[in-house]
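S.K.: Residues in the sequence shown are numbered consecutively from 1, following the UniProt record's numbering.
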Amino acid sequence: MDSSHPSQQHAETRLVTSGRDTKAQKGFVNPPVFHGSTVLYPTAEDLHAHRGEFTYGRHGSPTTKAFQETLMALEGAQCAGVGIVPSGLSAISTTLLSVLKTGDHILVCDNVYRPSRNFCNGMLTRYGVETSYFDPLIGAGIEKLFKPNTRAVLVEAPGSQSFEMPDIRAIAEVAHARGALVIDDNTWATPLYHRSLEQGVDISMQAATKYIGGHSDIMFGTVSANAKAWPQIAEGIRLLGVCAGPDDVFLALRGLRTLSVRLAQHHRSGLEMARWLATRPEVARVLHPALETDPGHAIWKRDFTGASGLFSIVLKPAPQKAVDAMLDTLKLFGMGFSWGGFESLAIPFDCDAYRTATKWAPGGPTLRLHIGLENVDDLKADLDRGFAALTAAM
Ligand SMILES: *Cc1c(COP(=O)(O)O)cnc(C)c1O
Numbered sequence: 001m002d003s004s005h006p007s008q009q010h011a012e013t014r015l016v017t018s019g020r021d022t023k024a025q026k027g028f029v030n031p032p033v034f035h036g037s038t039v040l041y042p043t044a045e046d047l048h049a050h051r052g053e054f055t056y057g058r059h060g061s062p063t064t065k066a067f068q069e070t071l072m073a074l075e076g077a078q079c080a081g082v083g084i085v086p087s088g089l090s091a092i093s094t095t096l097l098s099v100l101k102t103g104d105h106i107l108v109c110d111n112v113y114r115p116s117r118n119f120c121n122g123m124l125t126r127y128g129v130e131t132s133y134f135d136p137l138i139g140a141g142i143e144k145l146f147k148p149n150t151r152a153v154l155v156e157a158p159g160s161q162s163f164e165m166p167d168i169r170a171i172a173e174v175a176h177a178r179g180a181l182v183i184d185d186n187t188w189a190t191p192l193y194h195r196s197l198e199q200g201v202d203i204s205m206q207a208a209t210k211y212i213g214g215h216s217d218i219m220f221g222t223v224s225a226n227a228k229a230w231p232q233i234a235e236g237i238r239l240l241g242v243c244a245g246p247d248d249v250f251l252a253l254r255g256l257r258t259l260s261v262r263l264a265q266h267h268r269s270g271l272e273m274a275r276w277l278a279t280r281p282e283v284a285r286v287l288h289p290a291l292e293t294d295p296g297h298a299i300w301k302r303d304f305t306g307a308s309g310l311f312s313i314v315l316k317p318a319p320q321k322a323v324d325a326m327l328d329t330l331k332l333f334g335m336g337f338s339w340g341g342f343e344s345l346a347i348p349f350d351c352d353a354y355r356t357a358t359k360w361a362p363g364g365p366t367l368r369l370h371i372g373l374e375n376v377d378d379l380k381a382d383l384d385r386g387f388a389a390l391t392a393a394m
């Protein structure tokens with residue numbers, strides 16, 4: 001193996017070596033943050049032809065180029081392009097607006113990120129695109145839900161609250177036979193642990209706000225597409241005029257450089273906490289596809305090379321006030337949305353409030369945990385105190 005050539009390098013190495021142009025950066029390792037709108041053209045002829053490596057701020061800069069090259073190298077050979085958008089939700093809305101038109105139908109997995117549903121039910125409905133939701137465990141059975149006008153299938157593996165694991169390979173086989181695109185919200189695993197473009201996905205999106213940024217300090221999104229889907233995505237981004245601020249692009253690139261060590265630690269600590277929680281008397285079930293006992297484990301093992309630090313637990317039946325007492329007692333686990341940063345989080349959630357294709361009846365209160373980079377013994381001690389408060393408030 002010739003490890004001097006990026007295509008021959010392991011993913012961790014590519015995260016470090018890709019997108020670097022030492023000469024252009026006058027010897028410095030990192031590119032500067034290009035704050036810019038206007039790009040000057042040297043001659044009138046160049047101006048008329050829009051000729052130049054960079055043409056306008058919205059269309060890219062040396063900072064965005066370095067980021068795109070690095071993410072493309074991580075996505076693998078199937079990736080034909082990486083689009084940059086201002087948030088994860090914008091990755092979803094930009095993608096759907098780019099590939100759908102009035103009269104189309106889209107199949108959406110019942111466990112996707114709730115704002116994805118809101119976008120489909122709100123704006124897509126207004127534009128005359130019909131959405132149907134399907135059971136995350138449907139597999140090849142999705143065939144019967146296809147209509148002549150079904151253009152796309154949106155999946156999230158695993159869903160970032162209930163952690164059911166759709167069989168993307170089986171779904172993609174059916175979708176491609178029907179001429180539909182497969183779109184994956186790959187935020188949970190990132191392309192480091194789930195190379196979705198190599199498994200039948202045409203468009204793989206990231207809320208880069210989460211693990212790619214990794215420090216809870218940016219809003220950012222990406223859309224990676226294969227050769228079949230990239231022209232539509234590139235056109236959609238251009239027509240809609242979406243772009244991201246240069247500081248956030250720079251911080252996202254900086255996040256990519258250390259993604260492999262952070263994610264490896266989230267994987268280790270997350271699994272250790274999940275195993276520990278599974279032994280707790282207060283916990284009825286742990287929803288984590290990397291646990292051998294999880295219903296999604298076989299698919300996770302087949303398609304993923306690691307897990308991140310986000311999973312959920314189902315508590316034994318307890319009144320809301322007792323769960324709130326637990327949450328209010330926790331010191332290391334903060335209460336807040338988003339995840340993927342260095343810090344641990346705990347939030348209650350209720351999928352039953354929005355699911356339509358499947359009934360979500362976990363049998364007790366549910367909490368989603370993000371295991372950050374703190375020491376796991378400290379995290380266990382924090383949850384110990386929380387469980388004591390839960391029991392005392394019953
Ligand atoms: C957070 C999140 C998003 C949205 O990302 P933002 O950057 O907050 O807009 C999309 N999908 C999933 C799975 C997420 O967790």
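Each residue gets a CB set at the ideal place from its N, CA and C atoms; glycine is no exception.
Does ligand 1 have a heavy atom nearer than 8 Å to the CB of A207?
M.R.: Looking up residue 207 in the sequence shown gives position 207. At least one heavy atom of ligand 1 is nearer than 8 Å to the Cβ of A207, so yes.
S.K.: Since D110 contacts T279 with CB under 8 Å, what's their CB separation in whole angstroms?
M.R.: Locating residue 110 in the sequence shown gives position 110, where the first residue counts as 1. Locating residue 279 in the sequence shown gives position 279, where the first residue counts as 1. Not a contact, Cβ separation roughly 30 Å.
S.K.: What distance in whole Å lies between the Cβ atoms of L291 and F67, which are believed to be in contact at a cut-off of 8 Å?
M.R.: To locate residue 67, count along the sequence shown from 1; it is residue 67. To locate residue 291, count along the sequence shown from 1; it is residue 291. That pair is no contact at about 34 Å.
S.K.: For M205, which residues does DSSP report across the bridge?
M.R.: To locate residue 205, count along the sequence shown from 1; it is residue 205. D185 and V223.
S.K.: Using a Cβ-Cβ cutoff of less than 7 Å, which residues in the same chain neighbour Y113 once the five nearest sequence positions on both sides are dropped?
M.R.: Translated into the one-based positions of the sequence shown, residue 113 becomes position 113. Result list for Y113: E156, S160 and D185, in chain order.
S.K.: Please report how far the alpha carbon of I92 lies from the alpha carbon of F119, in whole angstroms.
M.R.: As a position in the sequence shown, residue 92 is number 92, starting the count at 1. As a position in the sequence shown, residue 119 is number 119, starting the count at 1. Their backbone Cα atoms lie some 9 Å apart in a straight line.
S.K.: For ligand 1, is there any heavy atom lying closer than 8 Å to the beta carbon of S338?
M.R.: Locating residue 338 in the sequence shown gives position 338, counting from the first residue. For S338, the shortest C-beta to heavy atom distance toward ligand 1 is below 8 Å.
S.K.: So what's R355 in DSSP terms, helix, strand or just coil?
M.R.: The residue given as residue 355 occupies position 355 in the sequence shown. Annotated three-state conformation of R355 is coil, per DSSP.
S.K.: Let me know if T258 comes out buried or exposed under the rule of 16 or more other beta-carbons within 10 Å of its beta-carbon.
M.R.: Counted from its first residue, the sequence shown places residue 258 at position 258. Looking at its Cβ environment, which holds fewer than 16 other Cβ atoms inside 10 Å, T258 is exposed.
S.K.: M219: beta carbon under 8 Å from a heavy atom of ligand 1?
M.R.: The residue you call residue 219 lines up with position 219 of the sequence shown. Yes; taking the cut-off as 8 Å, the Cβ of M219 has a heavy atom of ligand 1 nearer than that.
S.K.: Since A284 and G363 are thought to touch, with beta carbons under 8 Å apart, how far apart are those beta carbons, to the nearest angstrom?
M.R.: Here residue 284 corresponds to residue number 284 of the sequence shown, with the count starting at 1. Here residue 363 corresponds to residue number 363 of the sequence shown, with the count starting at 1. That belief holds up - the Cβ atoms of A284 and G363 are roughly 6 Å apart, short of 8 Å.
S.K.: From which residue to which residue does the alpha helix (DSSP H) around F387 run?
M.R.: Numbered from 1 along the sequence shown, position 387 holds the residue referred to as residue 387. It spans V376 to A392 - the alpha helix (DSSP H) in which F387 sits, taken as one unbroken run.
S.K.: Straight-line CA distance for G340 to G309?
M.R.: On the sequence shown, position 340 is the one that residue 340 refers to. On the sequence shown, position 309 is the one that residue 309 refers to. Answer to the nearest angstrom: the Cα atoms are 8 Å apart.
S.K.: Using a Cβ-Cβ cut-off of 9 Å, state whether E173 counts as contacting chain D.
M.R.: Within the model displayed, chain D is absent; a lone protein chain is all it includes.
S.K.: For E156, write down the residues that DSSP places opposite it in a beta bridge.
M.R.: The residue given as residue 156 occupies position 156 in the sequence shown. Partner(s): D185.
S.K.: Between which two residues does the beta strand (DSSP E) harbouring A346 extend?
M.R.: By one-based count along the sequence shown, residue 346 stands at place 346. It spans L345 to P348 - the beta strand (DSSP E) in which A346 sits, taken as one unbroken run.
S.K.: Consider the C-beta atom of residue 445 and the heavy atoms of ligand 1; say whether any pair is separated by less than 8 Å.
M.R.: Residue 445 lies beyond the residue range present for the chain, which begins at 1 and ends at 394; the question has no answer from this structure.
S.K.: Between the alpha carbons of A389 and F311, how many angstroms are there, rounded?
M.R.: Numbered from its first residue, the sequence shown carries residue 389 at position 389. Numbered from its first residue, the sequence shown carries residue 311 at position 311. Taking the straight line joining both Cα atoms gives about 22 Å.
S.K.: Beta carbon of K210: closer than 8 Å to some heavy atom of ligand 1?
M.R.: Position 210 of the sequence shown, counting from 1, holds the residue named residue 210. Within the cutoff, so yes.
S.K.: Judging by CA-CA distance, which residue of S344, D352 and T356 is the nearest neighbour of I371?
M.R.: If you number the sequence shown from 1, residue 371 lands on position 371. It is S344 whose Cα lies nearest to the Cα of I371.
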